Every structure is written in C-alpha cells, then in structure tokens.
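Read through the structure below, which is laid out as structure tokens, and then see the notes.
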Amino acid sequence: MNDQQNTILRFALIFLMLVVAFIAVLVKILVVQYRPSEREKWAVAEEIQDENTVTIEPVRGNIFDCNGQLLASSIPQYLLYMDPLVDAFHNEPDTFRHGKNKGKPYGPDTLYYNNIDTLCAVLSNVLKWKTKEEYRQYIDAARNPQKPNRRLPLNDGVVTYMQFVKISKLPFVGMANKNANKNGLIWEDWKRRTHPFGNLALRTLGTNGKTEGNGLSGIELVYDSLLRGKQGIGEIIHVNKRKETREIIPAVNGADLITTIDANLQDIVEKELRGPVEDYGANWGCCLIMDVHTGEIKAVANLDNVNGKYMEQRNHAFLRVDPGSTFKTVSMLAALDDRKISLGTMVTVTSKPWVYKSSDITHKDSHKMDATITMRQALAVSSNIAFAKMVTTAYNGSARLFVDKLQEMGLRDTLVYDIYGAQQPNISVPKDVVTISKMAYGYTTEMTPVQIAAFYASIANGGKLFRPMLVKEVQQEGRTIKKMAPQVIREQIASPEAIADVRKALHDVVWDNQWGTASCKDGNRHAQSDLVHIAGKTGTAQMWIGRRYSDEHHRFSFVGYFPEEDPQYVCMCVIEDPKYREDLTPHTINAPRGCAVVVRKVAEKTMAYMGCYTIGKNGLELHKRVK
Numbered sequence: 026m027n028d029q030q031n032t033i034l035r036f037a038l039i040f041l042m043l044v045v046a047f048i049a050v051l052v053k054i055l056v057v058q059y060r061p062s063e064r065e066k067w068a069v070a071e072e073i074q075d076e077n078t079v080t081i082e083p084v085r086g087n088i089f090d091c092n093g094q095l096l097a098s099s100i101p102q103y104l105l106y107m108d109p110l111v112d113a114f115h116n117e118p119d120t121f122r123h124g125k126n127k128g129k130p131y132g133p134d135t136l137y138y139n140n141i142d143t144l145c146a147v148l149s150n151v152l153k154w155k156t157k158e159e160y161r162q163y164i165d166a167a168r169n170p171q172k173p174n175r176r177l178p179l180n181d182g183v184v185t186y187m188q189f190v191k192i193s194k195l196p197f198v199g200m201a202n203k204n205a206n207k208n209g210l211i212w213e214d215w216k217r218r219t220h221p222f223g224n225l226a227l228r229t230l231g232t233n234g235k236t237e238g239n240g241l242s243g244i245e246l247v248y249d250s251l252l253r254g255k256q257g258i259g260e261i262i263h264v265n266k267r268k269e270t271r272e273i274i275p276a277v278n279g280a281d282l283i284t285t286i287d288a289n290l291q292d293i294v295e296k297e298l299r300g301p302v303e304d305y306g307a308n309w310g311c312c313l314i315m316d317v318h319t320g321e322i323k324a325v326a327n328l329d330n331v332n333g334k335y336m337e338q339r340n341h342a343f344l345r346v347d348p349g350s351t352f353k354t355v356s357m358l359a360a361l362d363d364r365k366i367s368l369g370t371m372v373t374v375t376s377k378p379w380v381y382k383s384s385d386i387t388h389k390d391s392h393k394m395d396a397t398i399t400m401r402q403a404l405a406v407s408s409n410i411a412f413a414k415m416v417t418t419a420y421n422g423s424a425r426l427f428v429d430k431l432q433e434m435g436l437r438d439t440l441v442y443d444i445y446g447a448q449q450p451n452i453s454v455p456k457d458v459v460t461i462s463k464m465a466y467g468y469t470t471e472m473t474p475v476q477i478a479a480f481y482a483s484i485a486n487g488g489k490l491f492r493p494m495l496v497k498e499v500q501q502e503g504r505t506i507k508k509m510a511p512q513v514i515r516e517q518i519a520s521p522e523a524i525a526d527v528r529k530a531l532h533d534v535v536w537d538n539q540w541g542t543a544s545c546k547d548g549n550r551h552a553q554s555d556l557v558h559i560a561g562k563t564g565t566a567q568m569w570i571g572r573r574y575s576d577e578h579h580r581f582s583f584v585g586y587f588p589e590e591d592p593q594y595v596c597m598c599v600i601e602d603p604k605y606r607e608d609l610t611p612h613t614i615n616a617p618r619g620c621a622v623v624v625r626k627v628a629e630k631t632m633a634y635m636g637c638y639t640i641g642k643n644g645l646e647l648h649k650r651v652k
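In short: position in the sequence shown from 1, add 25, done, that's the numbering used here.
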C-alpha cells in the first residue's frame, strides 16, 4: 500500500513540475511578445545568429500623368568596377595548352592579355568615358604591384541598365557566371529615381533620398508609404564559389500613382510662365490649371530665381500670400449673397485717398477718378475705395460678421492636400476694427493660389466648391486598388443668383474696354482672345518689406476661367516683383500685361490641345466646343 502511495506521489510531483514548467514557458512567451525590451533583445540575438540573412529592397512605385505618361520611375543602374589583379588572370605554373599545342605552357597571364583589348574597346564604345587606348593604360596601371587598385571604377558615374546589358554580353564578361571573379568585374545595383520629362512639375512630384529612397517632398512624401512597398528577406547561399541571394520572403514592390497632371498641359504652362518671369527678373512666378468640375489640378508650375537661373525650388502654388484684388470677387459675392448690395448699387470713388473712421489706414485707387459708379463697374475697374466703402457699410463695420460669411462660403476650411507643407488659409477676425476696410480688397488675409483658383472654379461651375486634388488613382501591378473621387467641400457656396451676378462682373473685367483692367482699353489684348472667351480678375498686392507695405514692390496675379460660355478650366498666374527693363517693350509688366497675358496664351493652347481648334491656313480656327 505504501509502495502504491509512493508511486502516486511521485507521479503527482512529476505532473506538478510539468505544469509549473509549462506555465513558466507560457509566461516567458508572453513577456517576449509584449515587453519591447525583451522583443528587441531577441531580435538582435536572431540577427547575430543568422548573419546570412539580408534585406531585399522593393522597387519604388511609378508616378504617371492622367494619360499614362511616366513622370517618375525607379530604374536599375549600376556602379561598375574591376579588379585587374584577380587570381584568375594569373596562370598557374602547371597550366598547359590542349589540342595541337598540347603540353606547351601558356604565356604569362594569357586570359588577361587575350581579352583586355576587346574589353577596353567595348567599354569605350558603350560608356564613352575614355578611349580604347586610355582604358588599356588605365587598367594596366592599376595592375602595378607598387600601386595596385583592386576596385578600379570603370566609369565616372552610374552605368545604365542598357549599358550594363551590352557589356555583360561579352563572352569574357560572361565567364563570371561559371566561375566567381573569373573576369575581375564587380558591379553594384543602384536604383535611381528618374524623371523622363526632366524638371517638368518636379516640385509637385517631389524628391527622394539618395540612400534610403524615401520621399522628401511633394507627392513622393505624402504617398511615401504606398510608393515605397515592403521589404523582403533573403538568404545568402554559395553556389559554385559564388554568393547568391535566395528569396525567403519576397519584396512587395511599391504601388503606382495616377496623377491628375497632364504632361502636355504642364509643358504649356511652364513655357508660358517662364517667358515673362525670366525677361523681367521676377523673384518667382507660379501658374496652374484646374478642372472646374472636379478640382483636379491639370498643371502647376513654380519658378524661383536662384542666382539668376529659374528653376523649381518652392511650391508657391500651395503657399499663402496676400490675394490682393482677386479677393474683391469674394467680397462682392458675400455681399450679393447676403443681399446687402446689387450690381447696380452706387458708390462714390475719389482721386484722393479715403480714410475709414479717422484712422491712419488710407485707401486709394491707381486710376485716380472722381465719380459715382456701380459695384459692377467697381469690380471691373478694381477700385479699392469702392470695396472698402461697400464692405464696411454692408457689414456695419463688423469684421466678425464678414469673416463668419467667409466661413459659411468655405474659405476658412482646413483642407487635406496631396502636397506636404501646403499651407491653410489665414482669414481671422482682426482686433483692429478698421482692418475690415483692408480685408475688403485682399489685405490682412492670406490664401494660396490653389485655393483662390478653387474658389473661382466654384463660380465657374455654378457654386460647388471642390477640394483641389493631384492624385486620382492607386494601382498595384496594373490593377486599381483605390480611386480618389472628387471631394466636395461646399455643395453651394452662394445662391445661384449671386453667382450669376458675379460672373457678369467678371466678364466685364476682360471684355468691357471702358472699365475692365484686363480688357483692351490701352490697345493691348491682355486677357481678350478671339479663340476663347475668358472671364476673370486681375490682382495687385503691395509686398510687405521692412514692416510696411511697399509702393515700389508688387505681387501681380490674374485668375480666369474658360471658355466663358461653358467653363471647363480655371487658370491662375502669379508673378512677384518683376523688374523695370528699358530694353524691353513694355518696360515693365503688371497684372494685365504680365499675368493676364500668360493666362490668355495658356487658355488658347489648352483649348487647341483639347481638340477645340484646328490648324487652318490663317492659324488657329474655332472648330468645336468640348465639354
């Protein structure tokens, strides 16, 4: 009986020890799984244990324009070196010939000398870095035992994939596939982000890091997680004395982005903007085209003066500035929608400065006129005095009431952009009660050119305010995995009647030769075109320099939609601080002579590109409207 009890006790003890051991293992698993320090320790231990494990980098996704043209891509390139002292080049003493010369020894380093001239000829022909003779001297010098170079660069930069293929087809080079280091050639993969259209829309597309390949700016940064893909894991194995990498977990290549950009329209915009910006030495300029029915940005160009050369440096289209007189349209629409005014409301303008509430803030017009005009004429002639009087009267001097109306229209909304660093509007209620008079025509407020264009697009389409967008689709290996639908910010920013009235006033800005600032009243066409009707607004803003607004430095703009009868696009151009040029006619440019002309030329070429015109004997001829 005692023996039976002892046996049961021993089994119970063993069972208890197993249970305790199981619980201990389970606790350890949980600790390793959920305590970061333990998890990191075992991860390091795993790396130390398996030194043959390597990371397989994925190929970064491509970026296309709306028509499928490639804008940015990662293509394989190579850094090419040679070890001219590799063991295979030196014949062993007991190496003998075969065939009819059987038994006779090879000459010294026969493999090297039999193939080096052919290799040098191909390197010279493909890489074009040195002549055949220079390559031969260059490689021979690296074999000098006194100054050997066992990692000799064969080019002054990277070698393209096609160049690498041509070199690798040589029988001499192909020997490396049979025996490691047979030919002494060494190559390293080096993926490089390329842009087939050069610098076209470069600031919008963005840049990448040279080592990690991650996005640093623009679309590349915002969509970096999709473009980057996922790393894989491989194992280094030895095959015929050669190291190879075998996939364990394959890398997942990055997704492709389909943008709203049209490369052809982008080219048009950049060329038309570059002319006046370079000719008049402006600080910078930007120009963009937006689809009024979707908010899709079809083209956006930014040019900065960098030591006298103009290039894409900052994305000015997404950086806020004083909108200047383009904001007068906002003020008019607000007052019309609130029924504070009508197009026929009369206002008196003067040639002398006008002061609101005995303050030190004065308002003056560049046209110097003493008259009583309608608000429709006031927008056409761009009278600061008229709008300062109108807004202060309509809203009883209350900036709060005015700003609340702008909020209702969607102008103060925070937007999600496809560009990292894009700024939000700055339209706040000022503490100074007289500041509302300056707000009326675009000072003490800040908006980005993209946001201004979006507002004018809503006027063009009847009142629907869209979020500006640059990416419309995400694809993985040609399969659509996500589509970005147009996003509506406001279904109706104002009543259809108010919008219709504003469109009449914007028509006059371009087509009323008595009042319109962008019309033909000074003998120049400005925004007027025989090929496409444009409606829009000029803008002039003094620049803030030395803690004051300068009378000598201005930021000019024009924003217009076209064709006016059936609007499809809105185009905005901004040029900052163009210089006076005695050798050019005109000697300087302003909003009508500079920005409005750019928009007119862009509109004409856009409509021609979209198939609305045909080329006839007398140039462009109206063919049809395309909606």
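Glycine included, C-beta positions come from ideal geometry on N, C-alpha and C. Since the model is a prediction, treat every value here as computed from it, not as a measurement.
Residue from the options with nearest C-alpha to residue i
| i | options | result |
| --- | --- | --- |
| VAL595 | LYS604, PRO474, VAL513 | PRO474 |
| ILE274 | LYS507, GLU629, THR78 | THR78 |
| LYS507 | THR284, LYS377, ILE81 | THR284 |
| ASN451 | VAL458, GLY435, VAL459, SER462 | GLY435 |
| ALA419 | VAL372, LYS296, ASP385, ASP395 | VAL372 |
| ASP395 | VAL374, CYS545, HIS341, CYS145 | VAL374 |
| THR319 | GLU590, ALA510, PHE47, ALA552 | ALA510 |
| GLY333 | ALA307, ALA46, ASN340, ALA49 | ALA307 |
| ALA360 | ILE314, PRO301, LYS430 | LYS430 |
| GLU629 | HIS551, ASP608, THR610, GLU607 | HIS551 |
| THR370 | VAL557, ILE398, ARG345 | ILE398 |
| ASN278 | GLY257, ALA288, ILE293 | GLY257 |
| PRO170 | TRP154, LEU110, ASN224 | LEU110 |
| VAL331 | CYS545, LYS546, VAL302, SER520 | VAL302 |
| THR610 | ASN549, GLY349, GLN449, VAL557 | ASN549 |
Cβ separation of residue i and residue j, assumed to be a contact under 8 Å, to the nearest whole Å
| i | j | result |
| --- | --- | --- |
| SER407 | THR563 | 6 Å |
| ILE192 | MET107 | Contact doesn't hold; Cβ gap of about 11 Å is too wide. |
| ARG176 | ILE211 | 7 Å |
| PRO603 | TYR305 | 4 Å |
| LYS489 | GLN517 | 7 Å |
| TYR368 | ARG401 | According to the sequence shown, residue 368 is Leu rather than Tyr. Right, their Cβ atoms sit about 4 Å apart. |
Close beta carbons around residue i, own chain, < 6 Å, minus the five adjacent residues each side
| i | result |
| --- | --- |
| PHE343 | ILE444, ALA447, THR473, VAL475 |
| CYS145 | LYS157, TYR160, ARG161 |
| CYS598 | CYS312, PHE583, CYS620, VAL623, VAL624 |
| SER99 | VAL84, ARG85, LYS216, ARG218 |
| GLU213 | LEU104 |
Close-in-space but distant-in-sequence residues of the same chain around residue i (CB under 7 Å, 5 per side omitted)
| i | result |
| --- | --- |
| THR351 | GLY467, ILE477, LYS562, GLY564, SER582, VAL584 |
| THR156 | SER149 |
| VAL499 | LEU251, ALA280, LEU282, ILE506, LYS507 |
| GLN188 | VAL151, LEU152 |
| ALA97 | ASN87, ILE88, ARG218, HIS220, LEU230 |
| VAL9 | Because residue 9 is not part of the residues shown, which for the chain are 26 to 652, the question remains open. |
| GLY259 | VAL79, ILE81, THR270, ARG271, GLU272, ILE273 |
Residue i versus residue j: straight-line alpha-carbon distance, rounded
| i | j | result |
| --- | --- | --- |
| LYS377 | ALA479 | 35 Å |
| CYS311 | ILE54 | 59 Å |
| MET353 | LYS382 | Per the sequence shown, residue 353 should be read as Lys rather than Met. When rounded, the distance between both Cα atoms is 21 Å. |
| PHE89 | ARG168 | 48 Å |
| ASP438 | ALA485 | 20 Å |
| ASP537 | ALA405 | 8 Å |
| GLN291 | SER384 | 46 Å |
| TYR574 | ASP347 | 11 Å |
| GLN567 | LYS393 | 18 Å |
| GLU589 | ILE559 | 5 Å |
| GLU471 | GLU601 | 15 Å |
| ILE524 | GLY487 | 7 Å |
| LEU528 | LYS389 | Checking the sequence shown, residue 528 turns out to be Arg, not Leu. Distance between the alpha carbons of ARG528 and LYS389: 25 Å. |
| MET415 | VAL458 | 15 Å |
| GLU321 | ALA633 | 20 Å |
| GLY240 | PRO178 | 29 Å |
| LEU34 | MET42 | 12 Å |
| VAL380 | ASP576 | 18 Å |
Same chain only: Cβ atoms within 8 Å of residue i, ignoring 5 sequence neighbours per side
| i | result |
| --- | --- |
| ILE570 | HIS578 |
| PRO8 | It is not possible to answer for residue 8, since the shown part of the chain is limited to 26 through 652. |
| GLY541 | ALA405, VAL406, ASP533, VAL534, VAL535 |
| LYS172 | ALA166 |
Any chain D beta carbon closer than 9 Å to residue i
| i | result |
| --- | --- |
| TYR481 | In summary, chain D is missing from the structure at hand, where a single protein chain is found. |
Proximity test, residue i beta-carbon vs the ligand GDP heavy atom, cut-off 8 Å
| i | result |
| --- | --- |
| THR460 | In the structure on display, the ligand GDP does not appear, and there are no ligands present to speak of. |
Exercise. Is the segment 325 to 342 touching the segment 606 to 624 in the sense that three or more CB pairs, one from each, lie closer than 8 Å?
Worked result: Too few Cβ pairs lie closer than 8 Å, so no.
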